[in-house]
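Q: -3 is the number of the first residue of the sequence shown in this note's numbering; add one for each residue after it. For every residue, glycine included, the Cβ atom is placed at its ideal position computed from N, Cα and C. Predicted model, so just to flag it, every value in this text is computed and none were measured. Have a look at this one.
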Amino acid sequence: LCYLSLNVVSVSLCYLSVNVVSVRLCYLSVNVVSVRLCYLSLNVVSVSLCYLSVNVVFVRLCYLSVNVVSVRLCYLSVNVVSVRLCYLSVNVVSVRLCYLSVNEVSVRLCYLSVNVVSVRLCYLSLNVVSVRLCYLSVNVVSVRLCYLSLNVVSVRLCYLSLNVVSVRLCYLSVNVVSVRLCYLSVNVVSVRLCYLSVNVVSVRLCYHSQQHC
């Protein structure tokens, strides 16, 4: 269709149960390609928006209940990939921001009520990992600042009202661990200065109004 600058191509390979459809809208710089492999229950759709430098790919594997969506925003250097495994109730989302050197991966295991989020900020040498176990009411957060040699790990056990925070400053050889048992009103703080061979432990029993160091 010349007045619309539209090109459509359809190919069918019946003995292989393959269908391919290609659509081009030249004045919009839009390309759409659809591929179906029926004997594999595979559907692939690719969309390109050239003037926006956007690529979208959609893949379905029906017999495995797998859905994959890939989005690329080239002018922003953004890549997003979403994977769903329906029979396992697994969702994986990966986001990359290349110009900021940011990588984020989110994993959900619905049947286990587990959420995992990993974030990397490469230009800051920062790694953050968050893990949630909902059925156990457990939250774990790990933060790493590599250029400072700093590691921070926070663990929460909600059903026990327990909070644990660990901080490590490797270049100073300092370790700090804080433990709180809220239902007993107990606070424990441990500080280690390895290069001085100094250990300090502070225990507070608030319900007795006593402090031991």
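State the Cα-Cα distance for the pair V172 and S138, rounded to the nearest angstrom.
A: Looking at the two C-alpha atoms, the distance is approximately 15 angstroms.
Q: Please go through the same chain and pick out, in chain order, the residues whose beta-carbon is closer than 6 angstroms to the beta-carbon of S6, but skip the five residues on each side of it.
A: Cβ neighbours of S6 beyond the five flanking positions: V17.
Q: Would you list, in sequence order, the uninterrupted beta strand (DSSP E) runs of no fewer than 3 residues that lie entirely inside the stretch 105 to 157?
A: Complete beta strand (DSSP E) runs here, min 3: 110 to 117, 122 to 129, 134 to 141, 146 to 153.
Q: Give the straight-line distance between the Cα atoms of C106 and C190, rounded to the nearest whole angstrom.
A: Answer to the nearest angstrom: the Cα atoms are 43 angstroms apart.
Q: Measuring straight from C-alpha to C-alpha, what distance separates C166 and L141?
A: Looking at the two C-alpha atoms, the distance is approximately 11 angstroms.
Q: Spatial neighbours of V175 within its chain, please: CB distance less than 7 angstroms, with the 5 preceding and 5 following residues excluded, ordered by chain position.
A: Excluding residues within five positions, the ones whose Cβ falls inside 7 angstroms are V160, V184.
Q: Kindly identify the DSSP beta-bridge partner or partners of S30.
A: V17, V41, per the DSSP bridge assignment.
Q: To the nearest angstrom, how far is it from the Cα of L201 to the Cα of N99?
A: Each residue's alpha carbon lies about 43 angstroms from the other.
Q: To the nearest whole angstrom, what separates the beta carbons of S133 and L158, a pair I think is in contact under 8 angstroms?
A: That pair is no contact at about 10 angstroms.
Q: As a quick exercise: from V151, V50, V43, C94, pick the residue whose alpha carbon is nearest that of V136.
A: When only C-alpha atoms are compared, the closest one is V151.
Q: Which residue wins for smallest C-alpha separation from L146, given the options S193, S169, N195?
A: The residue with the shortest Cα to Cα distance from L146 is S169.
Q: Please work out which residues of its chain come closer than 8 angstroms, Cβ to Cβ, to V62, disregarding the five sequence neighbours upstream and downstream, and give them in chain order.
A: Only V55, R56, V79, R80, L81, C82 meet the Cβ criterion.
Q: Ignore the nearest five residues each way along the sequence and tell me which others in L112's own chain have a CB closer than 6 angstroms to its CB.
A: In the sequence as displayed, the identity of residue 112 is Val instead of Leu. The residues are V103, V127.
Q: Roughly how many angstroms lie between the CA atoms of V40 and V163, to the nearest whole one?
A: Approximately 47 angstroms, taken between the alpha carbons.
Q: Checking 8 angstroms against the spacing of the C-beta atoms, do V110 and V124 come in under that value?
A: It is not a contact, given that the beta carbons lie outside the stated cut-off.
Q: Can you tell me which of V53, L180, N87, L117 puts its alpha carbon nearest to the alpha carbon of L93?
A: Nearest of V53, L180, N87, L117 to L93, Cα basis: L117.
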